[in-house]
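Take a look at the structure set out below.
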Ligand code: GLN
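Residue numbers (our numbering): 8 to 546.
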């Protein structure tokens, strides 16, 4: 029978529930349990696909094409196993299902209510994962903070499940904050006491308390928390601020979080996690022998979460190369009508980021021209690849009016355009090319060397595509088409000859980089940046 661990948050948001959930999952996975994580988001959007990245950070896409919360990225990066549509549930989706059923007459004339209809649908989605796949343990992260109006139906569903399945099969891990008052030089437990009261009011007694803190918790303080929150002493776990998110599994191992949880679930605690690959990665991450500077050219730079997976991919590939990667965000708009050299000359490589809409596109094109002409390693992702094609068409093929029809719908030379099946779409949610598609790799190219494979599968999230009408001319002038979708002939990867590293990809490689499997293209890009830096130092 599948066992459930609910992770709730108290006191404030941003305590790192996703990282705690992923770290716990990692420890359980190392103990040979089959485990996954599901994120339950209390917002009313159907999925985060239509959310502005400023609102909610990056939208993470799964193999089956679900647009999901960025925490799913952490789950995949930590566990090295893919997630799916079923791993992310939102209040919007819950209500949509219930309302559709109501319209179909499924409730036989009954009044449809939050309890039991909404809570029943939450419970159905919670156990659906267990029914479809054969997991030993599923961790459920509840978005938001206890006390939010939106989370109430989720808490009620947990209460019911705990009662129906029994305390040995369903536990609640509550993550809270122990603030430090510097004037009083004291850690304070009161906010946590209140947060736990809030949970108790919803009928849930937390089984484990994880306390986020800047300072070590004394024995007395833990005893106080144990007494007031009614949690046994050993289950009051300290989560001290860590240098990186990747330290957290080891900190939780030291705190025996996995043992506490397994004991409560009446599961075996033999074979202590070794985490050898993880520790090797961490060692490399913390002891780099080289350093490179990469410009991240995008437009959502104020919020690093908007490019979460890109930053993490650099962390993985940097460690792999034993090289610290300093990623410096540069707003593409500042490059417009400005000398790009002024901003870009000190970098060892540049990544032009994915994105939507017109703002900053010309700046991206300027940056790419500079990288192409000066032999600086360049990596373009999605919109970054599309801009690379526009730049090449404009400045090498001399098609001055070349553009993407996303920015200029009536462009005379639409080198990037909409496919007919996308043209009449008016609904914005879930209507892009989404999820994994196959790609055939041309031999003897940069990407072939990086992947060491001729067929790959990568995740997509876009509407516009390379226009095959320009393919011949682009190739004639030195563009290499190194990746093609074998089913529909769409161009997925472009490169340049006579350039140390110039690669544009229509897909999102950053969504598939994990601690144990850094993405080959990021690894190759960092390697190229390092080579570029070292050759400049010699010169
Ligand atoms: N806006 C572009 C498109 O829809 C690129 C999207 C992206 O970068 N994810 O095709």
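Cβ coordinates follow ideal geometry from the N, Cα and C atoms, glycine included.
Inter-residue Cα distance where the pair is residue i and residue j
| i | j | result |
| --- | --- | --- |
| residue 5 | residue 220 | The chain is shown from 8 up to 546; residue 5 falls before or after that span and cannot be answered. |
| residue 74 | residue 192 | 44 Å |
| residue 197 | residue 351 | 50 Å |
| residue 360 | residue 523 | 24 Å |
| residue 16 | residue 405 | 56 Å |
| residue 458 | residue 531 | 9 Å |
| residue 86 | residue 226 | 33 Å |
| residue 389 | residue 315 | 15 Å |
| residue 533 | residue 382 | 15 Å |
| residue 462 | residue 508 | 21 Å |
| residue 152 | residue 99 | 18 Å |
| residue 369 | residue 517 | 24 Å |
| residue 116 | residue 122 | 16 Å |
Exposure of residue i, with buried meaning 16 or more beta-carbon neighbours within 10 Å
| i | result |
| --- | --- |
| residue 493 | exposed |
| residue 170 | exposed |
| residue 78 | buried |
| residue 443 | buried |
| residue 261 | exposed |
| residue 432 | exposed |
| residue 94 | buried |
| residue 416 | exposed |
| residue 156 | exposed |
| residue 378 | buried |
| residue 301 | buried |
| residue 48 | buried |
| residue 110 | exposed |
| residue 158 | buried |
Where residue i sits in the DSSP three-state scheme
| i | result |
| --- | --- |
| residue 38 | coil |
| residue 45 | strand |
| residue 389 | coil |
| residue 29 | helix |
| residue 8 | coil |
| residue 5 | Outside the displayed span of the chain (8 to 546) sits residue 5, for which this structure offers no information. |
| residue 127 | helix |
| residue 330 | strand |
| residue 259 | helix |
| residue 279 | coil |
| residue 274 | coil |
| residue 535 | helix |
| residue 293 | helix |
| residue 136 | helix |
| residue 245 | strand |
| residue 188 | strand |
| residue 402 | helix |
| residue 526 | coil |
| residue 540 | helix |
| residue 302 | strand |
| residue 317 | helix |
beta-carbon residue i near the ligand ZN non-hydrogen atom, thresh 7 Å
| i | result |
| --- | --- |
| residue 342 | You won't find the ligand ZN in this model; what it holds is the ligand GLN. |
For residue i, the first and last residue of its enclosing alpha helix (DSSP H)
| i | result |
| --- | --- |
| residue 55 | Run containing residue 55: none; DSSP gives neither H nor E here. |
| residue 480 | 478–483 |
| residue 228 | 226–236 |
| residue 370 | 368–381 |
| residue 101 | 98–110 |
| residue 458 | 453–458 |
Reference residue i; option with closest CA among the options
| i | options | result |
| --- | --- | --- |
| residue 148 | 138, 178 and 340 | 178 |
| residue 142 | 513, 303 and 9 | 9 |
| residue 503 | 524, 384, 184 and 208 | 384 |
| residue 255 | 239, 217 and 425 | 217 |
| residue 212 | 364, 539, 167 and 259 | 167 |
| residue 320 | 519, 464, 346 and 108 | 519 |
| residue 296 | 274, 281, 477 and 325 | 325 |
| residue 268 | 419, 110, 244 and 282 | 244 |
| residue 101 | 276, 132 and 63 | 132 |
| residue 80 | 66, 72 and 543 | 66 |
| residue 529 | 446, 413 and 323 | 323 |
| residue 548 | 12, 248, 472 and 136 | This structure does not reach residue 548, given that the chain is present from 8 up to 546, and the question cannot be answered. |
| residue 195 | 353, 485, 203 and 185 | 185 |
| residue 137 | 175, 11, 63 and 76 | 11 |
| residue 401 | 375, 90, 386 and 499 | 375 |
Residue range of the unbroken beta strand (DSSP E) whose run includes residue i
| i | result |
| --- | --- |
| residue 486 | 486–491 |
| residue 203 | Counting along the chain, residue 203 falls outside any beta strand (DSSP E), though it belongs to the alpha helix (DSSP H) covering 197–208. |
| residue 473 | 471–473 |
Any chain D beta carbon closer than 8 Å to residue i
| i | result |
| --- | --- |
| residue 320 | Of the protein chains in the structure, only one exists, and it is not chain D. |
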